[in-house]
Structure formats: structure tokens, C-alpha cells
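Shown next, in C-alpha cells, is the structure this report addresses.
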Amino acid sequence: MVNVIDQLKSYTETLWINPNLKPFLEATSQIDKMEVPFPSLSDIKDADARLRRFAPFFEVAFEETKASNGIIESPLLSIEDYQKAVITFIGGRILGDWFLKADSHLPIAGSIKARGGVYEVIKFAEKLALEAGLITLEDSYEKFLSEPVNAHLSQYSIAVGSTGNLGLSIGTISRALGFKVNVHMSHDAKPWKIQMLRDRGANVILYDSDYSKAVEEGRKMADLDPYCHFIDDENSLDLFTGYAVAALRLKEQFEKIGHLIDEEHPLFAYLPCGVGGAPGGIAYALKLIYGDAVHIFFAEPTHSPCMLLGMSTEKYDNISVNDIGIDNKTIADGLAVGRPSKLVGKVMSPLLSGIYTVSDEKLYRMLYLMAASQNLGLEPSALAGAIGPIKLFYDTMGFNYLKEHNLLDKMEHCTHLSWATGGNLVPEEIMEADIAKGQDSDLMTL
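When the letters of the sequence shown are read in order and numbered with the numbering used here, they come out as residues 19 to 464.
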């Protein structure tokens with residue numbers, strides 16, 4: 019048997035099947051005994067309601083939300099043309115229906131991070147405004163655009179550590195509400211994201227080291243200021259709950275198009291993973307909604323497989339990719355994380371079907387294929403989920419998973435869902451260059 023650690027150390031693409039996966043009811047029983055009080059479905063619905071209360075504010079503050087009446091949501095897209103385009107590279111077809119959850123086009127911050135980041139900031143803003151008697155729950159939340167509310171919130175600051183997308187979402191919404199904001203960013207952050215944050219009024223603090231250092235320093239600075247709220251991407255339950263709202267919205271979208279998800283029509287979700295907060299929250303809520311009918315796989319770059327390393331060794335956040343000689347350098351900036359979230363790794367232990375890694379070269383190639391076949395521009399990290407069904411069908415470990423879980427006869431009627439994490443804010447010249455890299459690749463197989 020091939021050693022998983024040896025595969026990771028050699029940057030070999032790896033599919034790891036989770037040996038600790040439990041049936042849903044057994045898994046939830048295990049989670050209920052954990053020290054951390056993870057949100058219930060009712061808690062997630064409350065978070066959805068809070069986001070909806072803020073819709074009048076979003077509609078005025080962010081032009082792109084007018085069409086949705088202030089609801090921050092992304093489209094669910096059929097990617098049948100991409101599904102056909104990959105046939106040449108895999109020598110066969112992918113059974114089932116294939117969709118893309120296009121958080122790449124989520125309003126306000128154009129990434130999966132907009133949900134969790136925006137949610138934690140508005141929850142903090144609502145708390146402050148309610149305590150000060152500046153709003154009531156019955157008011158229109160357009161009041162968050164008023165001078166008295168803005169003046170009150172301007173006494174406070176928000177801080178976060180980020181490789182890019184989370185900082186972009188939190189910086190954007192914080193400044194719109196009147197908060198001061200400090201975004202601590204690692205060396206992986208793309209220059210255009212740094213500049214966009216500064217243009218929007220955020221204070222960006224750069225570090226020569228990786229994501230973990232940016233979070234650590236941001237936490238230290240925030241601890242010195244009683245008026246600063248630190249958003250902890252590694253441990254925040256508010257972020258986790260905000261991300262989880264996506265599963266409720268996804269269920270609505272599937273129901274609206276009459277698309278059936280149950281154990282005879284299983285759902286396979288492929289979620290790009292950095293530190294784990296966003297995919298963890300979404301995966302957790304998908305399990306609450308669909309139970310054993312959903313099978314969830316995280317996707318990581320070969321150079322930053324922190325969650326795979328943490329979960330496969332069961333050391334979780336007590337091990338970093340640097341500890342085994344992996345450089346944590348990837349073009350997938352949002353996934354360039356060396357140490358996984360303790361919060362997410364342990365709750366995913368009985369819920370997650372597996373984790374796979376993908377090379378930078380394949381991310382570029384799939385980026386080109388998605389642009390050419392679906393006319394969709396994504397950032398490289400967003401393509402990590404777009405190879406999931408190929409791993410499931412054409413990797414021995416994936417095929418064995420289907421066989422062992424009695425899924426082979428159900429694949430004609432299954433649904434594949436690749437989660438696109440970011441893309442529509444990428445400057446045009448950078449997007450064109452990334453597409454060209456994928457087009458020029460001599461990669462002959464996916």
C-alpha cells in the first residue's frame with residue numbers, strides 16, 4: 019500500500035478516502051459530544067434570516083445586489099459543455115448531471131468568502147447597533163447607511179488574517195458599514211487584491227511569511243484593542259455558520275429547477291479547501307440537510323495539502339505541511355495554507371468522504387477549459403473542485419469508494435457539484451494571462 023505522506027511529500031496527486039466516515043446519525047451523535055457547540059439547522063436558518071434583514075442595506079450599498087433585492091447569492095449553473103470538454107482528456111465520460119455553484123460571481127466580494135465574512139461583520143454591527151438603541155429588529159436595515167449608525171460603528175475596528183478572498187470580503191463590507199479595518203495578509207496574496215482592498219479604504223498589513231503568521235499577528239494586534247473585533251478564520255463559529263447558509267440556498271435552487279437529491283439520486287460535492295472554514299461550514303450544513311445522500315470531498319493544491327495531512331494523520335492543526343518538507347507555494351492563493359483549522363478538521367472527521375490534491379498545472383488547464391466551454395472566468399483556486407468527478411470515476415481509490423458504498427448503480431442519476439470559490443473580480447489582463455497559460459499547456463490528461 020502506498021504511504022499517503024510519501025505521496026504528499028513528492029507532490030503526487032493523491033485521493034485519500036476517509037476511514038473515519040460514519041453514517042449520518044452516528045456522525046451527528048459523535049459531533050454532539052464535542053466540546054465545541056456546532057450550529058444546529060435552526061441556528062443556520064437564523065443566520066439566513068439575519069442576512070435577509072440586511073438586504074435593504076445591501077441593495078443600496080452595493081449596486082450589484084439590486085437585481086436580487088439585496089439577497090447575496092450566486093447562481094447554480096449546469097456545466098454540461100465542460101463535462102463534454104473533459105472527455106478528450108480522460109478517455110471516457112462522467113455519468114450524472116454536473117453543476118457549478120458559482121460563488122465566483124457572489125455579489126460584494128466575488129468569492130465563497132463573501133458569505134462567511136460578510137455574515138460575521140453584519141452580526142457584529144447588528145449587535146452594536148441594537149445595544150446602542152440605534153435600531154430595532156422591526157426597522158428597515160437601510161438605517162445602517164445613516165450617519166448616527168455609521169458614527170457609532172466608526173468607533174470600532176475589524177481585523178482579519180487572510181491570503182486574499184476573506185480579507186477582500188471583510189474589508190469591503192466593514193468599510194461600507196463605517197468600521198475601520200485592518201487586513202493582515204500573507205506573501206501569497208495577489209497584488210491586485212491588496213490594491214483593491216486599499217482602494218476600498220482598508221489598511222493592509224503585509225507579511226513575508228504564510229497565512230498562519232498573518233492570522234497570528236492579526237490576533238495579537240486585535241487583543242491590544244478593546245474596540246477591535248478579530249475575525250478568526252481558524253476558529254470562528256460565526257464564520258462557519260455564515261458559510262453554512264450556502265447549503266440552505268443551494269437546496270432552494272435545486273428544488274426550484276425540480277432537481278431531485280436523495281439516496282437513490284446522490285449528490286457529490288467537491289469543495290476547494292484552504293484552512294477549511296468555508297468548505298467545512300458548507301459541508302456540515304449539506305450533511306444536516308441531505309444526510310447520507312450527500313458525499314463530500316475537499317480539494318487542495320499538491321503544494322498546500324494541509325487538511326489532508328491533518329486529517330489523515332489525525333493530528334489536525336498540530337501538523338503543518340512545512341513539517342514534512344512541503345513548500346506551501348501554489349498559484350491557488352486562497353488555498354495556500356500550511357496548517358488546517360482545528361475546528362473544521364475534527365467536525366469533518368465523521369462527515370467527510372475524502373480529500374484529493376490537484377497540481378497547479380491542472381488548475382490552469384481546467385481554467386482554460388471552463389472559459390472555452392462555458393465562457394466562465396474563474397481564478398485558479400476555483401478550479402480545484404472541477405476535477406472532482408474525474409477523481410471519483412478514474413482514480414482507483416475513487417472507484418473503490420463508489421463500489422464499497424453501493425453507488426455504482428446510482429451514478430447515471432447522480433449529481434456532481436463543483437464549488438467555484440472566486441473569479442469575477444480578477445482583472446481582465448490577469449484573467450486573460452491565466453487562460454492563455456492553460457491553453458498553452460501540453461498536459462494531455464486530467
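C-beta atoms are modelled at their ideal positions from N, C-alpha and C, and glycine is treated no differently.
Predicted, not measured: the structure shown is a model, and the values here were computed from it.
Asked                                                                                                                                                                                     : Found
Where do the N-terminal and C-terminal ends of the alpha helix (DSSP H) with H170 fall, by residue?                                                                                       : 165-171
Mark V178 as exposed unless 16 or more other C-beta atoms lie within 10 angstroms of its C-beta, in which case mark it buried.                                                            : buried
Cα separation between A45 and G309?                                                                                                                                                       : 10 Å
Would you mind listing the alpha helix (DSSP H) stretches within the region 73-128 that are 4+ residues and don't spill past its ends, in chain order?                                    : 73-79, 98-103, 105-108
Assuming L289 is part of the beta strand (DSSP E), what are its boundary residues?                                                                                                        : 285-290
Measuring straight from C-alpha to C-alpha, what distance separates A169 and L163?                                                                                                        : 10 Å
Taking the alpha-carbon positions, what's the I153 to R193 distance?                                                                                                                      : 19 Å
Quick one: Cα of F258 to Cα of L401, how far?                                                                                                                                             : 22 Å
Which one of G109, H123, A390, P55 has the shortest CA to CA distance from E82?                                                                                                           : H123
Give the straight-line distance between the Cα atoms of I349 and K141, rounded to the nearest whole angstrom.                                                                             : 33 Å
Nearest to G403 by alpha carbon, out of M449, L464, Y419?                                                                                                                                 : L464
Tell me the DSSP secondary structure of M203 in three-state form.                                                                                                                         : strand
Does the distance between the C-beta of L152 and the nearest non-hydrogen atom of the ligand FAD fall short of 8 Å?                                                                       : Only the bare structure without any ligand can be found here, which leaves the ligand FAD out of the picture.
For S227, is the classification buried or exposed, using 16 other Cβ atoms within 10 angstroms of its Cβ as the cut-off for buried?                                                       : exposed
Between I130 and chain C, is there a C-beta pair that is closer than 9 Å?                                                                                                                 : Chain labels in this structure do not include chain C; a single protein chain is all it has.
In angstroms, rounded to a whole number, what distance separates the CA positions of Q101 and M388?                                                                                       : 9 Å
Roughly how many angstroms separate the alpha carbons of M19 and Q25, rounded to a whole number?                                                                                          : Bear in mind that the predicted position of M19 carries a pLDDT of just 44, short of 50, making it unreliable; the figure below should be weighed with that in mind. The alpha-carbon atoms of M19 and Q25 are separated by roughly 11 Å.
Identify, in the order they occur along the chain, each residue of the same chain with its Cβ nearer than 7 Å to the Cβ of A328, setting aside the five sequence neighbours on each side. : The residue asked about is misnamed: residue 328 is Gly in this sequence, not Ala. Correct list, in chain order: Y334, D335, I337, P358, G363.
S544 by DSSP, collapsed to three states: which one?                                                                                                                                       : Only positions 19 to 464 of the chain appear in this structure, which leaves residue 544 out of reach.
Using the Cα positions of L199 and E138, report the straight-line distance between them to the nearest angstrom.                                                                          : Note on residue identity: the sequence assigns Val, not Leu, to residue 199. Using only the alpha carbons, I get a separation of about 14 Å.
Assign T331 to one of three DSSP states: helix, strand, or coil.                                                                                                                          : helix
Spatial neighbours of T331 within its chain, please: CB distance less than 7 Å, with the 5 preceding and 5 following residues excluded, ordered by chain position.                        : I337
Where does F56 sit, in a helix, a strand or coil, going by DSSP?                                                                                                                          : coil
Name the DSSP beta bridge partners of I448, please?                                                                                                                                       : Answer by DSSP bridge pairing: none, since I448 is not bridged.
Assuming contact is defined by CB atoms lying nearer than 9 Å, are P368 and L39 in contact in what I supplied?                                                                            : yes
In whole angstroms, what is the alpha-carbon distance linking D115 and G276?                                                                                                              : 13 Å
I need the DSSP call for F197, collapsed to helix, strand or coil.                                                                                                                        : coil
At a cut of 8 Å, does the region 231-241 reach the region 210-219 through at least three beta carbon pairs?                                                                               : no
Have a look at the DSSP bridge pairing and note the partners of L435.                                                                                                                     : F117, A287
I need the DSSP call for I245, collapsed to helix, strand or coil.                                                                                                                        : For clarity, residue 245 is Tyr in the given sequence; the question names Ile instead. Three-state DSSP puts Y245 in coil, outside helix and strand.
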